[in-house]
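Chains as they are written, first to last, in this note's numbering: chain A, 533 to 993; chain B, 533 to 993.
Backbone N, C-alpha and C define an ideal beta-carbon position, used for all residues, glycine too.
Model, not experiment: these values are computed from the prediction.
Protein chains: 2
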Amino acid sequence: MRRDVRNLNHVFEPDSIAVIGGSPATGKLGHVVLKNIMDASFQGKVYPVNPKYREVLGLRCYPDVHSIPGKVDLAVFAIPAEHIPSVMEQCGRKGVKGAIVLSAGFGEIGRKDLDEKLSKAVKKYGIAMIGPNCLGALDPSKRLDTLFFPFYKLGRPRIGEISFATQSGAVGSCIVDMAAHFGVGFAKFASYGNALTIDDADLVEYFGSDPRTRQIILYLEGTKDGRKLFEVMKKVGKKKPVIVLKAGKTAGASQAAMSHTGNIAGNYTAYQAAFRQSRVIEANSLAELFHVVNAFSQPLPKGRRVAVLTDGGGLGVLSADAIEAEGLQLAQLSSETEKVIREVLPQYGKVGNPIDLIADSGPEEYRKALDALLADPNVDSIIVIVLFQAPALDSSILDIVISASDQRKKPIFAVAVGGDYTAESRKVWDRYGIPSYDSPDFAVRALKKFTEYSLLSQKKK
Amino acid sequence: MRRDVRNLNHVFEPDSIAVIGGSPATGKLGHVVLKNIMDASFQGKVYPVNPKYREVLGLRCYPDVHSIPGKVDLAVFAIPAEHIPSVMEQCGRKGVKGAIVLSAGFGEIGRKDLDEKLSKAVKKYGIAMIGPNCLGALDPSKRLDTLFFPFYKLGRPRIGEISFATQSGAVGSCIVDMAAHFGVGFAKFASYGNALTIDDADLVEYFGSDPRTRQIILYLEGTKDGRKLFEVMKKVGKKKPVIVLKAGKTAGASQAAMSHTGNIAGNYTAYQAAFRQSRVIEANSLAELFHVVNAFSQPLPKGRRVAVLTDGGGLGVLSADAIEAEGLQLAQLSSETEKVIREVLPQYGKVGNPIDLIADSGPEEYRKALDALLADPNVDSIIVIVLFQAPALDSSILDIVISASDQRKKPIFAVAVGGDYTAESRKVWDRYGIPSYDSPDFAVRALKKFTEYSLLSQKKK
């Protein structure tokens, strides 16, 4: 097999893109993907390919790839499955080295014959191919966007340091959309679908050596080559945090996964063992995946001792419950911290952890308490709970938490639960790399995974 | 003790309200609460009481309650704790029968002396008092709103059928705000704080006999009279679903709860036993409380067999995992349903559960599949997953799910994960009583609690 078939630079760093099936008909896949490539302001050349049209979306349209005058680096396929192998052949002859096949209708519906033909074509010409049956790829720093979901329905993340490989386009789109919503940045994204050539392990390995990627996410139902994936995870897991959401754990779900991408989800306990051995962090749900991913913008904690700072007593109690349930510890505050808190809250004699600032507290009380906790040698991480609804707080509390986080001394996780005002306020933190959560237990569970990863990394160093 | 001290009609159905400490100074508690009472368009008389002013917010202000010319039903206290017992005495002499004491500074900070004085006053005159150290009360149908959090920060729910008693004002405000955000309606709300007179059990009992309340929520750290609460829960639990979030389960959290409202959180296992015996549903987190509450707008399921309908394969697999993990069952679809699905998806041979409509499906495919599932005798409940990001769907999918839900045949839970477009779309469902969730496992866990409640109710009938 030619080495080129695994060279993902051909997919992520093209200078020119051909959209096979590019179309002016708004309902068509080939329309949406072409429009999105243009709307993302891709800086290179874009060539719609469709024998039915001479112009599409203001661009000259070509009857086939051979008619395109210049070089084509990446071909994006948005035509029916049965035509794809022969057009891939043409692309090969044209010298195309990267391909993304969005179309479904291959092995996942029993058309193993089409799989074989397509596979033969890409191997013959050394084409790195993502798909088929996938959502495409994204690289915000290159303005590369082959996702076929419209911009107004699916937000696009800003440039960042997270790279994400997903077997499910749907799950991929949900996470990408959430990231955009909360202002969380992405380095690269690929939905690899049926993984006919490029698979989970290839993407994880590529992200592992990508200098802009500092954190890797993988959504996985089942892999074709468990050994290969395990070896890659072990290698990459030493360098960068890898967070996996494994679906298809149970018999019924595994059945569903089978019909979905044609891959067997396999024995979950074997996966779990592999994750553990390769320092991969496992998320237990879609929500938790996002919760854990966000945590990594903070510095790693040195231990399990958590301080909780709150202006809502009940939210502190709920956090304390979660901290003990998850095997973290409520920090014993130093006498220095206790002194500061007593100065902040002269009326209230008892200083405990959670520190309950009560609802009358303003931003200044938070600032003093946060400074004390950052300096406290007994505290490894801080959960700061803000009841934005309280009249005593104004939006300067956002800046105070951001300033504390900017010191990069200890991880700070924020919790704020509520409606419109609270949700909009929280987004500011997320944009500044402070993970925020809308239920105390979400913050605690993410902090637990983050802490475990940190302690494991310290041990293995 | 005079019977009146537990008559909550005095609090929830006043014709006139005096705001003790009503003030023109925007930072003051007495300003915010007076403004909110007026902004909520309370239909009765409102009297600010404050010797410093002659007029507040355009209303005549009185130096004391005796100077008020007319009858006063409810007094809302927003003055320092130490003055409250004597003013409560004056209220008693004036004939006030309901009181809400927002101010903190009583037993929870060791001022048992103030507790005793206040208690003596309300008992002497038969005043039903909520608080002290609480957030106040809400009845959207009466336009009663004594919450001291500003409207722009804390949304107010529409008129509905859920009543909510909370020991923590912070937790109460979070849930109220979320309900407003998602368009979930409330009948009554009370934050009872230190529960000096009116306690958890009194509120649950009152909500139990309130004709507009169909569902009751309780946030509880610890109760003063476990036996009383247990008896009330047993009685009310037979008539209406009662959902409890118990905080202070662990040693550290229990300590935090103690300093927060001055109540001991107590032995969690005893609470659990009481909840089980009284058919009370326990939520495990703040998020889950809201998730479970929403479920009850749907008809009760007859059994554990769940059908999952999705246009995103991966989201179906994740749901299937959660269904098996939570002890629900993936329904075996009837041959009639399979036939319909095969007609809807001619290309795709295998019909399983989850039903994967794939991303090309439009609203019409959903409609046909939903109709088949509503008629299928093998299906007890339906989880419908919508990838709003998919180009093939337009917003008519909202109406199709609403129409299916309006048939009231089986519970329908919706799942949609994403950013702005998805979040706004989901809200439409919540407003129409279709519980919607932003992670498949959230839907499944809520459905599990809902199903268990249903099966228990069937057995006990």
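query	result
So, under 8 Å CB-CB, R759 of chain B and E693 of chain B are touching, yes? Tell me the CB distance rounded to an integer number of Å.	In fact, because the Cβ distance is near 29 Å, the residues do not count as touching under 8 Å.
For a contact meaning CB atoms closer than 7 Å, what does L919 of chain A contact in chain E?	Among the protein chains in the structure shown, which are A and B, there is no chain E.
On the three-state DSSP scale, how would you describe P580 of chain A?	strand
For H713 of chain B, which residues in chain A fall below 8 Å Cβ to Cβ?	G950, G951, D952 and A955
Please look up how many angstroms separate the CB atoms of A948 of chain B and S957 of chain B, rounded, as I've assumed it's under 8 Å.	7 Å
Checking 7 Å against the spacing of the C-beta atoms, do S723 of chain B and G704 of chain B come in under that value?	yes
Where does I932 of chain B fall in DSSP's three states?	helix
Please classify P972 of chain A as buried or exposed, where buried requires at least 16 neighbouring CB atoms within 10 angstroms.	buried
Leaving out five residues on either side along the sequence, give the residues of the same chain with a beta carbon under 6 Å from the beta carbon of S573 of chain A.	R675
Compare the Cα-Cα distances from V883 of chain B to each of B:E896, B:S866, B:G894 and B:P895 and report the closest residue.	B:S866
Taking P773 of chain A as the reference, give the member of A:G780, A:A779, A:L750 and A:E763 with the closest Cα.	A:L750
How long is the line joining the alpha carbons of R688 of chain B and S635 of chain B, rounded to whole angstroms?	21 Å
Given that a residue counts as buried once 16 or more other Cβ atoms are within 10 Å of its Cβ, and exposed if not, what is N799 of chain A?	exposed
Between the C-alpha atoms of M533 of chain B and S651 of chain B, what's the straight-line distance to the nearest angstrom?	Reliability fails at M533 of chain B, whose pLDDT of 46 lies under 50, so the model's placement of it is uncertain and no value is given.
Using three-state DSSP, classify G553 of chain B as helix, strand or coil.	coil
Against chain A, does K649 of chain B count as a neighbour if the rule is that its beta carbon must be under 7 Å from one of theirs?	no
Using only alpha-carbon positions, find the residue among B:A839, B:L850 and B:V876 that is nearest to A863 of chain B.	B:A839
In angstroms, rounded to a whole number, what distance separates the CA positions of F807 of chain B and K981 of chain A?	31 Å
From A946 of chain A to S548 of chain A, what does the alpha carbon distance come to, in whole angstroms?	43 Å
Is P612 of chain B buried or exposed, if buried means 16 or more other CB atoms sit within 10 Å of its CB?	exposed
According to a CB-to-CB cut-off of less than 7 Å, which residues of the region 547–570 of chain A neighbour chain B?	V564
Compare the C-beta of M661 of chain B with all C-beta atoms of chain A and state if any pair is closer than 7 Å.	no
Just by C-beta distance, which residues in the region 749–763 of chain A are closer than 9 Å to chain B?	Y751 and E753
Is there at least one Cβ from chain B nearer than 7 Å to K980 of chain A's Cβ?	no
Starting from the Cα of L591 of chain A, find the closest Cα among A:M620, A:C666, A:A610 and A:A550 and give me that residue.	A:A550
Between L906 of chain B and K834 of chain B, what straight-line distance do the alpha-carbon atoms span, to the nearest angstrom?	13 Å
If distances are taken between C-alpha atoms only, which option among B:L832, B:G965 and B:G576 comes closest to E984 of chain B?	B:L832
Report the residue from B:E896, B:D908, B:P923 and B:Y969 whose alpha carbon sits nearest the alpha carbon of S935 of chain B.	B:E896
Rounded to whole angstroms, what is the Cα-Cα separation between T801 of chain B and V776 of chain B?	14 Å
Cα separation between I600 of chain A and A805 of chain A?	50 Å
What does DSSP give as the partner residues of I775 of chain A in its beta bridges?	A:I749 and A:I813
Give the C-beta separation of F609 of chain A and I552 of chain A to the nearest angstrom, bearing in mind that I take them to be a contact with Cβ-Cβ under 8 Å.	5 Å
Determine the DSSP secondary structure at A727 of chain B, reduced to helix, strand or coil.	coil
Can you give me the Cβ contacts of L930 of chain B inside the same chain, cut-off strictly under 8 Å, excluding the 5 residues immediately before and after it?	S957, V960 and W961
Are the Cβ atoms of R899 of chain B and I932 of chain B separated by less than 7 Å?	yes
Pick helix, strand or coil for V840 of chain B, following the three-state DSSP scheme.	strand
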